[in-house]
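So the structure is just underneath, and the comments pick up after that.
Numbering (the working numbering), first residue to last: 10 to 414.
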């Protein structure tokens with residue numbers, strides 16, 4: 010048996026939480042080995058080794074050879090970058106590590122997820138799929154519909170609503186121009202309702218929803234998060250729908266054979282009391298979700314993801330974790346034009362407002378496209394009721410300003 014302590018840490022374009030993961034691994038007595046495409050990767054100094062692989066052109070054999078040349082003996086692979094999950098699966102299977110389940114490949118495809126949910130009786134939503142440049146608009150007979158990339162639509166990238174055939178045709182044209190005519194898209198029946206999200210671990214094949222968020226102020230025009238995102242949900246209909254969704258996702262995990270992982274699930278509470286899946290992200294929610302989960306559930310999703318990759322998670326503890334009763338709201342701010350944020354009210358100033366308990370801000374944030382969410386500042390608010398949360402949010406909005414050039 011090898012006494013190696015090397016753990017591969019995947020990153021793409023500096024994304025992947027490398028420094029945080031490296032700290033967790035080092036605290037556990039492991040050697041984090043960065044795997045990225047950049048020779049001068051800024052995160053390499055946080056790791057004990059660096060393997061360079063071109064994610065776009067290399068294959069598994071080339072990655073394995075690069076690892077061997079570096080004298081690295083991997084014992085696990087940690088990956089928080091959604092577009093690299095297929096690499097994670099290949100590498101985990103090759104070396105016999107956790108994380109090689111075929112279920113992960115299914116979760117990468119919204120079409121496969123929809124197909125499985127329908128097959129096991131957990132979704133009645135109409136959907137279809139095809140290529141943006143050649144899809145036959147006449148196939149869709151009922152509107153409105155949502156059209157979006159079938160893979161990698163993080164930050165609501167290229168998500169559109171079409172209210173008629175003309176809108177739909179124009180959206181497909183725009184998507185083809187933005188991402189190429191071979192872009193695989195999924196077209197789904199649009200259902201009115203309140204959006205919500207659920208974060209939690211999969212433990213022994215069961216999804217444990219821990220952190221529930223109601224998105225009553227969701228931007229239905231651009232399909233971006235907006236306004237107050239409140240946790241736990243205050244509407245009984247949303248609470249009921251979210252609990253239904255936990256059961257549906259557990260059924261999917263069982264069907265797929267997914268035994269462990271962390272999921273961020275988005276759904277809608279419908280007027281008839283039911284719930285419908287929007288999508289599943291095989292990672293923790295973005296922005297301040299991680300901080301809010303740590304605060305309310307006493308569990309660090311990134312640390313748990315690392316421990317699961319190592320096969321060292323405490324299953325019984327995960328089964329026993331519960332959320333406390335603190336009422337929170339996440340309030341994001343989005344840059345709304347192309348350019349660079351050259352001025353913004355400092356986050357430290359916002360955090361001095363009573364009720365603001367956490368926050369982040371990206372300095373000199375660059376907006377290169379309006380086809381995805383561009384959140385650059387966010388605060389976490391605590392209060393004793395929705396009315397108080399709204400009052401604090403207004404104070405924050407009044408105090409906050411930014412300029413883009």
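Beta carbons are placed, not taken as given, at the ideal position from N, Cα and C, and that holds for glycine.
Bear in mind the structure is a predicted one, so any value in this text is a computation, not a measurement.
In terms of Cβ geometry, residue 242 and residue 205 form a close pair [threshold 8 Å]. The stretch 52 to 70 makes contact with the stretch 18 to 34, as at least three CB pairs between them are under 8 Å. If you draw a straight line from the Cα of residue 82 to the Cα of residue 103, it is about 13 Å long. As DSSP reads the structure, residue 412 sits in a beta bridge with 352. Around the C-beta of residue 245, fewer than 16 other C-beta atoms lie within 10 Å, and the residue is accordingly described as exposed. Assigned with DSSP and collapsed to three states, residue 49 falls in coil, not helix or strand. When the beta-carbon positions are compared, residue 321 and residue 313 stay at least 8 Å from each other. When C-beta atoms of the stretch 126 to 133 are compared with those of the stretch 172 to 180, fewer than three pairs fall below 8 Å, so the two segments do not count as touching. Taking a C-beta distance under 8 Å as the contact criterion, residue 296 and residue 339 qualify as a contact pair.
Beyond the five residues adjoining it in sequence on each side, residue 397 comes within less than 8 Å, by CB distance, of 364 in the same chain, given in chain order. Distance check between residue 335 and each of 311, 366 and 286 places 366 closest, using alpha-carbon atoms only.
Note on geometry: alpha-carbon atoms of residue 268 and residue 187 lie some 37 Å from one another. Taking every protein chain shown into account, the CB of residue 240 has 16 or more other CB atoms within 10 angstroms, so this residue is buried.
Looking only at 342, 414 and 413, the smallest Cα-Cα distance to residue 407 is reached by 342. Non-local beta-carbon contacts of residue 159 in its own chain, meaning distances under 8 Å to residues more than five positions away in sequence, involve 118, 119, 120, 138, 193, 194 and 195 in chain order.
Taken through DSSP and simplified to helix, strand or coil, residue 118 comes out as coil. Per the coordinates, the alpha-carbon of residue 189 lies some 21 Å from the alpha-carbon of residue 21. Rounded to whole angstroms, residue 90 and residue 292 show a C-alpha spacing of 8 Å.
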